[in-house]
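Structure record follows, encoded as structure tokens.
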Amino acid sequence: MADRAPDPIRIDVGALVQRSVASLYAHLVTRPTGRAVRLAIETQLAEAGEPTVSLIDLTEVTILDFSCADEVVAKLLQRFLGADRPRNAFFVFRGVQVRHRDPMEAVLERQSLVAVAQREDGGFELLGPATPAERDAWHRVERAGRIPSDGRDHHFGDPNLSSGLAGILSRRLVFEAPGSGDLVALSRLVHG
Amino acid sequence: MNVLALPSSLDHRSVDDVLDAAARAPDGRILFDARHVRWVDPAGMLGLLSGGRFLRDRNGVAPRLQLPEHADVPGYMARMGFFRAAEEVFELDQRPPRRAKGDTDVLLEVTPITTNSDVHEVVDRVQRSAGTILTRTLHYPMTAVVQFSVILSEVCQNILEHAEAPGWVSAQAYNWQKRLGRHVLIVAVSDLGRGFRGSLADEHSARFGDRWGDATALEAAFIHGLTRFPDTGRGQGIQQMRKQVRKWNGAIAIRSGTARIADVPDWDDSPPLREGMASFPGAHIHLLLPGMDAHG
Chain A
286 MADRAPDPIR IDVGALVQRS VASLYAHLVT RPTGRAVRLA IETQLAEAGE PTVSLIDLTE
346 VTILDFSCAD EVVAKLLQRF LGADRPRNAF FVFRGVQVRH RDPMEAVLER QSLVAVAQRE
406 DGGFELLGPA TPAERDAWHR VERAGRIPSD GRDHHFGDPN LSSGLAGILS RRLVFEAPGS
466 GDLVALSRLV HG
Chain B
76 MNVLALPSSL DHRSVDDVLD AAARAPDGRI LFDARHVRWV DPAGMLGLLS GGRFLRDRNG
136 VAPRLQLPEH ADVPGYMARM GFFRAAEEVF ELDQRPPRRA KGDTDVLLEV TPITTNSDVH
196 EVVDRVQRSA GTILTRTLHY PMTAVVQFSV ILSEVCQNIL EHAEAPGWVS AQAYNWQKRL
256 GRHVLIVAVS DLGRGFRGSL ADEHSARFGD RWGDATALEA AFIHGLTRFP DTGRGQGIQQ
316 MRKQVRKWNG AIAIRSGTAR IADVPDWDDS PPLREGMASF PGAHIHLLLP GMDAHG
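Protein chains in written order, with the working numbering: chain A, 286 to 477; chain B, 76 to 371.
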């Protein structure tokens, strides 16, 4: 069966703040603002194809407070993690700057969530309380870009790595192609 | 008319006494006598507004406010935007000084917080004005401007999310050479809402049984991060504020009802928990952030 590559979609959160809360402010502060932005993101996703890789772009966001981070990062991820998720969507946070890290790390830690983030230097990393095995497994996929299904034993034969792979799959930190079972790094999908 | 004499230093150290006095004031019209006030800070100004508003609501008549006699003090209060808020609370016994346009030494004037967009406005204003004070006066790194804005956002949201009543916020930096040997930034937030005990009662009072009260409610929120919301994402604001304030070796204190709880750094001699004060509605928060100009 041929794999269907996820549709990448870029969502500019800075622009969305201004549109969603109908204000002149570009800061991602207060819970109602965060909720409005999260709902706007979900609306955009509803119009995209499936599966989708969403690039949540924080580049233009100067201030992200904890309440907004809880809505736009933690609650967004949570909503698309469970079996009852509204769509088959994956997330990568782009433009994550030093000033965003504290709130993002705090809300991820509190909800035991992990996110894929692209730093200012272009590199990708995991944010949140991933286990060492999950980090190790994720880095293997990230380095390889794509791991064919018949290469899984080679890469994840070790029981520890195998449990790490299970973790990153259930956390939706890598894409598992539905036809071939290949593992694809989310970074490769957002880069097209 | 009953007179409530204000202390000469109307600040974060005396504000509890002012709130206590307001709570214990008899019925009938009250005169707030500020003639001998020689020093005010944001906590003192918001405490005065809260005391006045409380008595106005309780007694159904606006209290009178006699302005400080020391010429510098009313001028400073005007620069801090105090009188704009005070005119809605007090009957002023004389016309307050006008605020000169273009004052740039004020970090954050006394600002009412009633809606979400007020918080956006505060953050926006502080982003524009706080950089110089935080970096040049307090010698904080540039990254602190954003962290400070986040703290302000969270502390203001505490009013909207939990008090369900309007409140005020204000912030200013001072030179505490004698007391601390450096500058300090003071942030104050006050509201006359239902307070921490009222906010948490429905969800959490049962498990505390007879121990439930203002102090236990404050401990539950301040130390354990409990909120009235079942959502596990809630309750982070105060915890994260405490964490950041600790990083800056600062102090944070919350008075609600009859109790006051605080994170006290080594340079402060305030008690971490005070009980048995007069019951005053709402929540009154202040943060003291020392500069890094003397001890790094």
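Here a beta-carbon is modelled for each residue, glycine too, at the ideal position from N, C-alpha and C. In this text the structure is predicted, and so the values were computed from the model without any measurement.
Gln169 (chain B), DSSP secondary structure in three states: Mapped onto the second sequence, residue 169 (chain B) falls at position 94. Gln169 (chain B) falls in the coil class under three-state DSSP.
Below-8 Å beta-carbon distance, Asn191 (chain B) vs any chain A residue: Position 116 of the second sequence holds residue 191 (chain B). Yes, because at least one Cβ of chain A sits closer than 8 Å to the Cβ of Asn191 (chain B).
Taking just the CA atoms, how far does Leu182 (chain B) sit from Leu142 (chain B)? As a working note, residue 142 (chain B) is residue 67 in the second sequence. As a working note, residue 182 (chain B) is residue 107 in the second sequence. Their Cα atoms are separated by approximately 23 Å.
What residues from the region 303 to 333 of chain B come within 7 Å of chain A, judged by C-beta to C-beta, listed N to C? Thr307, Gly308, Gln311, Gly312, Gln315
DSSP three-state call for Tyr151 (chain B): helix, strand or coil? Taking the second sequence and counting its residues from 1, one reaches residue 151 (chain B) at position 76. Residue state, collapsed to three classes: helix.
Does any residue of chain B have a CB that is nearer than 8 Å to the CB of Gln303 (chain A)? Numbered from its first residue, the first sequence carries residue 303 (chain A) at position 18. Chain B places no beta carbon closer than 8 Å to that of Gln303 (chain A), leaving this residue out of the contacts.
Can you look up Ile348 (chain A) in the DSSP assignment and give me helix, strand or coil? Looking up residue 348 (chain A) in the first sequence gives position 63. If DSSP states are grouped into helix, strand and coil, Ile348 (chain A) belongs with coil.
Give me the Cα-Cα distance between Arg154 (chain B) and Leu361 (chain A), rounded to the nearest whole angstrom. Locating residue 154 (chain B) in the second sequence gives position 79, counting from the first residue. Locating residue 361 (chain A) in the first sequence gives position 76, counting from the first residue. Roughly 43 Å between the two C-alpha positions.
For Glu239 (chain B), tell me which candidate among B:Gly273, B:Ile226, B:Gly325, B:Arg174 has the shortest Cα-Cα distance. The residue given as residue 239 (chain B) occupies position 164 in the second sequence. When each option's Cα is compared against that of Glu239 (chain B), the closest is B:Gly273.
Rounded distance between the beta-carbons of Ile313 (chain B) and Gly300 (chain B), thought under 8 Å: Sequence index remark: in the second sequence, residue 300 (chain B) carries index 225 (1-based). Sequence index remark: in the second sequence, residue 313 (chain B) carries index 238 (1-based). Gly300 (chain B) to Ile313 (chain B), Cβ: 7 Å. Contact.
Spatial neighbours of Leu454 (chain A) within its chain, please: CB distance less than 7 Å, with the 5 preceding and 5 following residues excluded, ordered by chain position. In the first sequence, residue 454 (chain A) corresponds to position 169, counting from 1. If we look at Leu454 (chain A) and ignore the five residues flanking it on each side, its Cβ neighbours are Glu461.
Less than 8 Å between the CB atoms is what I'm expecting for Leu255 (chain B) and Pro347 (chain B), so what's the real figure, rounded? For the purposes of this step, residue 255 (chain B) is identified with residue 180 of the second sequence, where counting begins at 1. For the purposes of this step, residue 347 (chain B) is identified with residue 272 of the second sequence, where counting begins at 1. Wrong, their Cβ atoms sit about 19 Å apart, outside the cutoff.
Phe351 (chain A) vs Glu229 (chain B) beta-carbon contact at 8 Å: For the purposes of this step, residue 351 (chain A) is taken as residue 66 along the first sequence, with counting starting at 1. For the purposes of this step, residue 229 (chain B) is taken as residue 154 along the second sequence, with counting starting at 1. A contact, by the Cβ cut-off of 8 Å.
Check whether chain A comes within 8 Å of Glu236 (chain B), counting only Cβ atoms and requiring the distance to be less than that. Counting from one through the second sequence, the residue named residue 236 (chain B) turns up at place 161. Cβ-Cβ to chain A under 8 Å: yes for Glu236 (chain B).
Min CB distance Ser228 (chain B) to chain A below 8 Å: To locate residue 228 (chain B), count along the second sequence from 1; it is residue 153. True, the Cβ-Cβ gap to chain A drops below 8 Å.
What do you get for Ala146 (chain B), buried or exposed, if any count of 16 or more other CB atoms within 10 angstroms of its CB means buried? Position 71 of the second sequence holds residue 146 (chain B). Classification for Ala146 (chain B): exposed.
Leaving out five residues before and five after Ile348 (chain A) in sequence, what residues of the same chain have Cβ atoms less than 7 Å from its Cβ? Numbered from its first residue, the first sequence carries residue 348 (chain A) at position 63. Excluding sequence neighbours, Ile348 (chain A) sits near His312, Leu313, Val314.
One or two residues paired with Val377 (chain A) in a DSSP bridge: Residue 377 (chain A) sits at position 92 when you count from the first residue of the first sequence. Note: Val377 (chain A) sits in a beta bridge opposite A:Leu340, A:Val401.
Given 7 Å as the limit, tell me if Leu123 (chain B) has its C-beta closer than that to any heavy atom belonging to the ligand ADP. Absence of the ligand ADP is noted for the structure shown, with no ligands found whatsoever.
For Arg299 (chain B), go through chain A and note every residue whose CB falls closer than 9 Å to its CB, in chain order. Stepping through the second sequence from its first residue, residue 299 (chain B) is reached at position 224. Reading off the sequence, residue 299 (chain B) comes out as His, not Arg. From the beta-carbon of His299 (chain B), no residue of chain A is found nearer than 9 Å; the closest lies around 13 Å away.
Beta-carbon proximity list for Pro293 (chain A), same chain, < 7 Å, skipping 5 on both sides: Position 8 of the first sequence holds residue 293 (chain A). Taken in chain order, the residues that qualify are Val338, Leu340, Leu474, Val475, Gly477.
Using a Cβ cut-off of 9 Å, pull out every chain A residue sitting near Thr186 (chain B), in sequence order please. If you number the second sequence from 1, residue 186 (chain B) lands on position 111. Those do not exist, as Thr186 (chain B) stays about 15 Å from chain A at its closest Cβ, beyond 9 Å.
Give every residue of the same chain whose Cβ lies closer than 7 Å to the Cβ of Arg295 (chain A), excluding the five residues on either side of it in the sequence, and list them in chain order. Locating residue 295 (chain A) in the first sequence gives position 10, counting from the first residue. Cβ within range, chain order: Leu340, Asp342.
Could you check how far apart the C-beta atoms of Leu393 (chain A) and Pro414 (chain A) are, in whole angstroms? I think they sit under 8 Å. Locating residue 393 (chain A) in the first sequence gives position 108, counting from the first residue. Locating residue 414 (chain A) in the first sequence gives position 129, counting from the first residue. Yes, they are in contact, since the Cβ atoms of Leu393 (chain A) and Pro414 (chain A) sit about 7 Å apart, within 8 Å.
Round the Cβ separation of Arg349 (chain B) and Asp338 (chain B) to the nearest angstrom and send it over; I've been treating them as touching at under 8 Å. For the purposes of this step, residue 349 (chain B) is identified with residue 274 of the second sequence, where counting begins at 1. For the purposes of this step, residue 338 (chain B) is identified with residue 263 of the second sequence, where counting begins at 1. At roughly 13 Å, the Cβ-Cβ gap does not stay under 8 Å, so Arg349 (chain B) and Asp338 (chain B) are not in contact.
Contact criterion: CB-CB distance below 8 Å. Does Thr210 (chain B) meet it with respect to chain A? To locate residue 210 (chain B), count along the second sequence from 1; it is residue 135. No, Thr210 (chain B) lies away from the interface with chain A (no Cβ there is under 8 Å from its Cβ).
DSSP bridge partner residues for Ala337 (chain B) (one or two, in chain order): The residue you call residue 337 (chain B) lines up with position 262 of the second sequence. B:Ala328, per the DSSP bridge assignment.
With 7 Å as the limit, tell me which residues of the region 415 to 435 of chain A have their beta carbon closer than that to any beta carbon of chain B; keep them in chain order. none
The region 151 to 167 of chain B / the region 117 to 132 of chain B touching (three or more Cβ pairs under 8 Å): Enough Cβ pairs lie closer than 8 Å, so yes.
Interface positions of the region 378 to 406 of chain A facing chain B (Cβ-Cβ less than 8 Å), listed along the chain: Under the 8 Å Cβ criterion, the region 378 to 406 of chain A contributes Val383, Arg384, Asp387, Pro388, Ala391, Val392, Arg395, Gln396.
Can you have a look at Ile329 (chain B) and say buried or exposed, based on whether 16 or more other CB atoms are within 10 angstroms of its CB? Translated into positions along the second sequence, residue 329 (chain B) becomes position 254. Buried, by the Cβ-count rule.
Going by CA-CA distance only, name the one from B:Val90, B:Gln311, B:Tyr215 that's closest to Met389 (chain A). Here residue 389 (chain A) refers to the residue found at position 104 of the first sequence. Residue B:Gln311 is the option with its Cα nearest to Met389 (chain A).
Residues of chain B with CB under 8 Å from Arg316 (chain A), in chain order? In the first sequence, counting from the first residue as 1, residue 316 (chain A) sits at position 31. Under the 8 Å cutoff, chain B gives Gln232, Glu236.
Option in B:Val115, B:His111, B:Asp266, B:Ala219 with minimal Cα separation from Pro187 (chain B): Against the second sequence, residue 187 (chain B) aligns to sequence position 112. Measuring from the Cα of Pro187 (chain B), the nearest candidate turns out to be B:Asp266.
Proximity of Asp289 (chain B) and Ala334 (chain B) at Cβ, strictly below 8 Å: The count along the second sequence starts at 1 and reaches residue 289 (chain B) at position 214. The count along the second sequence starts at 1 and reaches residue 334 (chain B) at position 259. Against a cut-off of 8 Å, the Cβ pair of Ala334 (chain B) and Asp289 (chain B) comes out as a contact.
Of all Cβ atoms in chain B, is any one closer than 8 Å to the Cβ of Asp350 (chain A)? One-based indexing of the first sequence puts residue 350 (chain A) at position 65. Yes, because at least one Cβ of chain B sits closer than 8 Å to the Cβ of Asp350 (chain A).
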